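S.K.: My structure is below; once you've seen it, I'll send some questions.
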Amino acid sequence: MKQKIDDFKKNKINLFSQERLKSYSLQEDKKDIEIQLKRHNNNLNLIQRITKDLALIEIGTRNLLDFYMKEKYKNDDWINQEAQNSSEFKIIIDKIKKRYDNLILNNNQLLSNLTIGQITKIIREKDALNIIFDFKNINLKKYYFKNKNRYKNRRPISKKHKADIILSLLVNIRNRSFHWENLTKLRDDGIPRLSVENKKIYTTIEPDKIETFLKDILNEIYKE
């Protein structure tokens with residue numbers, strides 16, 4: 210078995226997995242493994258470049274939520290209070306506490322263990338999207354030419370709806386990045402896979418616009 214493992218290690222295709230590499234192929238070069246390996250490496254380089262921005266966005270969003278909850282409810286221990294009010298949230302907090310052998314954790318310790326998905330879910334549930342964020346000046350067409358900034362009746366997309374769309378895309382990028390998935394993948398019709406549907410509004414991000422998208426979010430969170 211040791212020899213088999215050693216032989217397995219000598220082949221990058223084995224280590225990356227053929228199925229993973231297939232996601233980097235296009236119709237015209239689907240049999241060219243070297244091109245697939247190059248694209249795989251380029252994708253990892255992209256993830257490396259955006260990791261700091263993703264971290265700053267997540268940290269900032271987490272602390273914006275914490276500030277909002279403490280100000281609104283006048284309770285520095287709001288996470289434990291929310292766990293008492295919501296069975297679903299209690300399950301999340303109990304799992305966090307279990308990882309720490311059920312030690313008594315303060316609000317900051319619990320907060321730092323919440324994922325960006327859980328954080329944005331709370332923001333939505335508290336109807337705080339357009340209070341915490343102001344993305345009105347973000348042009349969604351900047352990231353893909355078919356994106357919409359207006360509804361069918363020509364009214365601009367509401368601040369709340371736009372924030373919901375942007376946070377959904379953010380969580381999508383974050384989760385794909387930290388599972389080392391292909392951020393550059395296209396659907397069969399050529400549309401980027403990084404897309405969300407929110408209240409019949411489809412919004413997409415071109416792979417080469419991911420970094421710009423994250424910078425625009427950072428500029429909203431970290432005011433000069």
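Using my numbering, read the sequence shown as starting at 210 and increasing by one per residue.
Backbone N, C-alpha and C fix where the C-beta goes; we use that ideal spot for every residue, glycine too.
All values reported here derive from a predicted model rather than from experimental measurement.
According to the neighbour-count rule (16 or more other Cβ atoms, all chains shown, within 10 Å of its Cβ), is ILE214 buried or exposed?
M.R.: exposed
S.K.: Buried or exposed, going by whether 16 or more other CB atoms sit within 10 Å of the CB of TRP389?
M.R.: That one is exposed.
S.K.: Can you tell which of LYS394, PHE387, ASN407, LYS351 has the C-alpha that lies nearest to the C-alpha of ARG248?
M.R.: LYS394
S.K.: Would you call the stretch 295-304 and the stretch 347-362 touching, i.e. three or more CB-CB distances under 8 Å?
M.R.: no
S.K.: Around the Cβ of PRO401, are there at least 16 other Cβ atoms within 10 angstroms (buried) or fewer (exposed)?
M.R.: When all chains shown are included, PRO401 counts as buried.
S.K.: Going straight from the alpha carbon of LYS306 to that of SER295, what length do you get?
M.R.: 16 Å
S.K.: If you count every other CB in all the chains shown that lies within 10 Å of the CB of ARG308, and 16 or more means buried, which is it?
M.R.: exposed
S.K.: Assuming contact is defined by CB atoms lying nearer than 7 Å, are ILE266 and ILE426 in contact in what I supplied?
M.R.: yes
S.K.: Can you pull the DSSP bridge partners for ARG385?
M.R.: None; ARG385 has no bridge partner.
S.K.: Would ASP373 and LEU338 qualify as a contact pair, given that the criterion is a beta-carbon distance under 7 Å?
M.R.: yes
S.K.: Does DSSP classify THR329 as helix, strand or coil?
M.R.: Here DSSP, grouped into helix, strand and coil, assigns THR329 to helix.
S.K.: Is it buried or exposed, LEU323, if we count other Cβ atoms within 10 angstroms and call 16 or more buried?
M.R.: buried
S.K.: From the DSSP output, in three-state form, read off GLU406 for me.
M.R.: Strand, per DSSP.
S.K.: Who pairs with THR413 in a beta bridge, going by DSSP?
M.R.: SER404
S.K.: Beta-carbon within less than 7 Å of ARG385's beta-carbon, same chain only, minus the 5 sequence neighbours each way: which residues are those?
M.R.: Exclusion of the five residues before and after ARG385 leaves LEU392 as the residues of its chain whose Cβ lies within less than 7 Å of its Cβ.
S.K.: Using only the alpha-carbon positions, how far apart do SER232 and LYS221 sit?
M.R.: 16 Å
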